[in-house]
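Encoded as structure tokens, the structure appears first; notes follow it.
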Amino acid sequence: MPDTPRPPLTQPRETAAKVSELKHVPPQTFMRKYVFSVDHKVIGKQYLGLALVAVCTGMLLSWLMRLHLGYPEVAIPGLSTVSPNGAPGGVMTPEYYLSLMTMHGTIMVFFVLTTAPFAGFGNFALPLQVGAEDMAFPRINMMSFWVTLAAFLVLVAAFFIPDGPPLSGWTAYAPLSAVGKDAGPGQGMGQTLWAISIALFCVGQLLGALNFITTTLDLRTKGMSLGRLPYATWAWFITSVIGLIAFSVLLPACILLILDRVGGTSFFIPAGLVISDRLQPHSGGSPLLWQHLFWFFGHPEVYIAILPGFGIISQILPAFARKPLLGPRVFIACLAAIGFLSYTVWGHHMFLSGMNPFSATLFSVPTLIITIPATIVTLLWIGTIYGAKLRFTTAALFCLGFASVFVSGGISGFFLAQPSIDVQLHGTYFVVAHFHFVMGVAAMFGIFAGTYYWFPKMFGRLMNETLGKVHFILTFIGVYCIFMPMHWLGLHGDVRRYSAFTDEYMKGDIPLHKFITVAALFTGAVQLIFFVNLIYSRFKGPKATDNPWQSTTLEWATTSPPPFDNFGGHPPTVYRGPNEYGTPSPSGDYAPQFTPEPAGR
Amino acid sequence: MTPALAARAPAVPARTGVWVAVLAISMTFAAVAAAMIGRAGAAPDWQQFRLPPILYVNSVLLMLSSGTLEAARARLKHATPARAIGGSASQWLALTLGLGIMFIAGQLLAWHALATLGLFLSTGPASAFFYLFTALHGVHLLGGVIALVYALHRVRQVGPAAAGALGAAALYWHFMTCLWLCVLLLLTIRL
Amino acid sequence: MGKLLAGLIAVITVVSAAIFARHIWWMPPDISVHGSGIDHQLGETMISAGVLFVAAQLVLAFFIWRFADRGDARPIRTFPGGVTPMVVIAIVLVGAEVAALSLVGTKVWAGIYQAPPNPNALRIDVQAEQFAFYFRYAGADGKFGGTHPNLIDDGNGNFFGLDPANDTSARDDIVAASLVIPVNQPILLTMHAKDVGHAFYVPELRIQQDFVPGLDVPLQFTATRTGKYEIVCTQLCGLGHYNMRAYLEVKTPADFAQWLKDQAAQQ
Amino acid sequence: MRAQTPVLLLGAVLLTTLAVRKAPAPAAAGTVSGTVTFTGTPPKMKPIDMSKEPTCASQHATPVMTENAVTGPGNSLQWVVIYVSAGEQSETPATEAVRYDQKGCQYAPHVAVMEVNQPLEIYNDDQTSHNIHPLATTNAEWNKSQPPGAPPIHTSYAKPEFIPVKCNVHPWMHGYFAVLSTAHHTVSGADGKFSLAGLPPGKYTITAWHEKFGTQTQDVTITGNETATVNFVFKATPY
């Protein structure tokens, strides 16, 4: 491996000393400390920073989309200067709307929902929680971030090229995404950049997953048996396994797509296509091949986005319920079950893609079965707060909000999992509502919960609780106002990915679209409170103690923020699982993993 | 060097890491193989062609390299005074490296042979998948070459202590050999 | 704070559930033979899912309200019965639900997509392209002319790439931009795409199907009510996706025959 | 005798300068006129169903017909571009803009004739978005969307070419840009008649181009102010 492996420990002392020289030492220069850092904590913050930039971009795009949907004829000030071709005179062209939609989906799914809860918090907290000094391969870890950043820059570059950004959606269905310029504006260079960006992203996340898995397996501190792993770590571990497989499939898929676009191959492009009055010089390709490869990644990706949220909630909720998580083993079993099942359901995205109806039925059953572990996890949270002593910190509120929106989003899965209902709801706003609730909003709530929970550990200061609570309540109302009505639009037959509703029966819903637009603008604006809170608390927030939430896991055993090597060279020993809340002990009503067993217990 | 680690059986993250990488890379090649089978079934435009014979020579080279790598490891393991035999270990490593580079050169020759037959990436699905598979494997093998160069450097520097690094590199290298044989098998069946 | 959140969850749940239950926004009336099965299936799912939704949200709200930390010394209480019964009940209930749904649903689905082609169905050739649908009727000879992509010329209305010069069966093919069908007669569409992926969706007809480039996808249905409905594309196909549309006109057999005659005269 | 020579010279100089001035030249300027007809059976123009675009369909009382072979009484042939392809003196390039409209989901005119580098203005007069896509090969290819009320597109072409024009949104919309390197060009009318005025004396090659039936050329000599008649007959095929 091109990285520094830790040496086997059954070796003579002097060689061990030699090897330890090769280990990374606290960096001195600013560049090594904050930019090209190998410290998992800095890398985690870098990932979170990237996600923050990405989520702002994605939210801005959704604002523009909603504005256009609610008020199609209104010229958006300044837009014509941003994109003279995309919005001549300020009113956006249909293809520009689709480009915004494509970029919104891609940025949110890949660069927010994957980077923040998984790569971001995982990088920051996982080594701390297992009691390691750092990730197993710090330099590969650094590479992982910089490749991901490059992927983001490549994607955003598509906004600034003459062709304009791609418009074939985050699923980039072939042949629209594969035939190139003839397919219309945005399908030239922009789509190629998209494919390159996603390929890079896969590489970055594979390197990340490699680190997560190895660190969890090999670098656990003394006494940290797998049974004592914190639930967030479990979630990150299982997520990395899912990601390892999923991204390993998306990567070649993107390579094939790039080859079809620039290499003249015909993997996804069948014969006899006439586009822009030109017979395309391709033959024999299969558009369904892309769909299979993409969704084999695509559905597990949904769980890559949400499972870290599960873990974060299951770890934070007990801390603020002052009560152990109900059925921790069941919880982990459910995560594993979901992880496994997520690879058996991809076909439910293709019920209507001319796939053999029999296999459609085969895909529908596991899709419905996967709701069982999901339901159980939710019940575990509800059961956990039964008889608890809830402390309504902002982090706790976002956990409870997570449970609520996850239920709302999960329920609609019952409908879409059935081919016979998917016939009616596929490709409508019902689907948009479903996945925004279940993976968009829920995952975002997980991210918020994690931010309010780990911020003290990251920066040594507490976030402002008042601002936090206002932020939560308004966001909670906002997201329901945005996404609940989308179910109704879908039931009524409003088709997603339309830049305007010119059809007679869809025109009737424009008032509802206006309402959603207003709600979206409101909810977006509310996030300013969060940004203000972040910046204010970073510099002016009250100093945080080592363990402000009285939590049990190892990251709270060290200082806030932790030193470069996390535990000052003395990693803690683990005496028990992470679930000891509400049990009287010398520490109070909880027993941290890192305090010795009190006498007489 | 943490006491916690010392307490447990010695863990070699590099080795675990390679195993994880093996899983990922196998998955990637499985996906391409699946794509190839699906694509072959999708349309009647699959025209067969004979694989360039040099591929078999390359395969032998690669298998040899795995052997020499094992020899290097054996030298390293039975080195009592690090310096003495560590040298010959690094010679075996250098030989392995040479074979690996010869393999890659041979693959390029195979490409040339195909090109002279007028078979290019865009000619047809069969040739496309041939170039794709060989290129993918070549890139991953280059990673192995880098790992070997690194291991060589480590062996020269710290002697037997490099066993961990070398073991990991060897694991990866042997995987590359097996992977290539699987790819070759698949290509001979399909093309 | 807890009371506020609990109240919010309760209000949101009740209001949403009410709007669903009152069918304030609902599917347009069904005009197909198979549609009733879908509507029934959706109704069943709506009830069971609705009950789950309301129950889960309200219990969550109640617990949030009830179990706030009031600073008292009361000990925490574990969930009655612990985790095992809860898990068992969840598996049994949801499992039964899942089994029932997929059992019934599969029959409905099979009824639409696995039914053998009806011999006396009216065959219509559908081509989707950026950004319109075109429909082809076999004409007097009842035979469809062969299609040749290299002959496609939208400029003179040869959308299908017919070869009337050499192919006599192509000469009387009727090409229209609207799907006109007789009521109560089984229709068999053969769907193919000219350029990229598209989809065929008529909410009233309770049917939706993708056009997959390179494949001929069959689709069967029977309309039971005359009238004019909109066919829309639900698969992202490019900049004009939002107004890729055609009209479905369900006519009485007599009107349909007349329409066919008029079209034949124009070709 | 000796006194006349300079006068003659002067006259010659004057004539030549007159000749090279842009048409219509006040002095000797002939006209080429005639009719374009066809033999055989031309393809039948089909009605266009615009029901997908209600705002356009409502603009046409009777259905619009396809325009790729428009014939008139007496086998006359419309939309044939007639232009001087050889024998012309240097010209000063035209500067007034050619206007091309997208109206009722149709291109007006069906064939727009312009000189190289002559400004071209494309308007969208409809309540729907168009995406105009000239399928140029020797010139640069582009396609631009024009939402309702968007400003006109200003462009021009540098090389002579007959460019098919299509709308990427409405598949039935087809037209042509005829980019020519001559100032003497016209398009045959509904009656198939055309006339090229203001041709100074000289030998010319007149070319007639039709999008479906190809090109024909005839030579004609203009000596003074006369009107030379040139008729073109195209061979039409039904398919």
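Chains as they are written, first to last, in the numbering used here: chain H, -11 to 589; chain L, 41 to 231; chain S, 185 to 451; chain E, 562 to 800.
Here a beta-carbon is modelled for each residue, glycine too, at the ideal position from N, C-alpha and C.
Keep in mind that this is a model prediction, so the values were computed, not measured.
Here DSSP, grouped into helix, strand and coil, assigns H/Y291 to helix. The C-beta of S/A190 comes no closer than 8 Å to any C-beta of chain E. With a threshold of 8 Å between beta carbons, E/K705 makes contact with chain H. H/G529 is a Cβ neighbour of H/N452, given a cutoff of 8 Å.
The beta carbon of H/W537 sits closer than 6 Å to those of A307, all from its chain and outside the five residues before and after it, given in chain order. An exposed status is given to E/S619, since fewer than 16 other beta-carbon atoms sit within 10 Å of its beta-carbon. Only V52, P53, A54, T56, G57, V58, V60, A61, L63, A64, M67, T68, A71, V72, A75, G78, R79, A82, A83 from the stretch 52 to 83 of chain L bring a Cβ to less than 7 Å from some Cβ of chain H. Secondary-structure assignment with DSSP links L/L219 through no beta bridge to anything.
With distances taken between CA atoms, E/T632 lies nearest to E/G750 out of E/G750, E/Y800, E/H746. Take L/R194, set aside five residues on each side of it, and the residues of its chain with a beta-carbon closer than 6 Å to its own are A202, A205, in chain order.
Cβ neighbours of E/T790 within its own chain (closer than 7 Å, five residues either side excluded): S594, G595. Taking 8 Å as the cut-off, the beta carbon of S/I371 is found no closer than this to the beta carbon of S/F395. No Cβ of chain H is located within less than 8 Å of the beta carbon of L/S106. Secondary structure at H/E543: helix, using DSSP grouped into helix, strand and coil. By the criterion of a C-beta distance shorter than 7 Å, H/K531 is surrounded in its chain by G448, R449, once the five residues flanking it on both sides are discounted. Secondary structure at L/I144: helix, using DSSP grouped into helix, strand and coil.
Against chain E, a Cβ distance below 7 Å from S/P348 picks out Y800.
Nearest CB-CB separation between E/S619 and chain H: not below the 8 Å threshold. For E/W770, the closest Cβ of chain S is not nearer than 8 Å. Not a single CB atom of chain L sits nearer than 8 Å to the CB of H/I409. For the stretch 459 to 471 of chain H, the set of positions with a beta-carbon nearer than 9 Å to some beta-carbon of chain L is empty.
Sequence-distant partners of H/L385 (beyond 5 residues in either direction) whose C-beta falls short of 6 Å from its own C-beta, in its chain, are F460.
Around the beta carbon of H/G576, fewer than 16 other beta carbons sit within 10 angstroms, so the residue counts as exposed. Excluding its 5 nearest sequence neighbours in each direction, L/R113 has C-beta neighbours in its own chain below 8 Å: A129, A203, L206, G207, A210, listed in chain order. Close to H/T81, with beta-carbon spacing below 9 Å, are these residues of chain E in chain order: S690, N692, K705, S706, Q707, P708, A711. Within chain E, no C-beta atom comes nearer than 9 Å to that of S/D309; the closest sits roughly 16 Å away. In chain S, no part has a C-beta under 9 Å from the C-beta of H/R249; the shortest such distance is about 14 Å.
Judged by DSSP secondary structure, L/F170 falls within the alpha helix (DSSP H) whose first and last residues are 165 to 198.
In this structure, the beta-carbon distance from H/G77 to H/S71 does not fall below 8 Å. The alpha-carbon separation between S/F319 and E/D686 amounts to approximately 29 Å. Here the stretch 263 to 280 of chain H makes contact with the stretch 156 to 173 of chain H; the two share three or more CB pairs at distances below 8 Å. Here H/M338 carries a coil assignment [DSSP, helix/strand/coil].
When the alpha-carbon of S/L242 is set against those of H/G466, H/F489, H/L367, the nearest one is in H/L367. Under the DSSP assignment, H/P354 falls in the alpha helix (DSSP H) whose first and last residues are 345 to 357.
Here H/S132 is near H/G192, since their CB atoms are less than 8 Å apart. Exclusion of the five residues before and after L/Y212 leaves V58, A61, V62, G183, G184, A187 as the residues of its chain whose Cβ lies within less than 8 Å of its Cβ.
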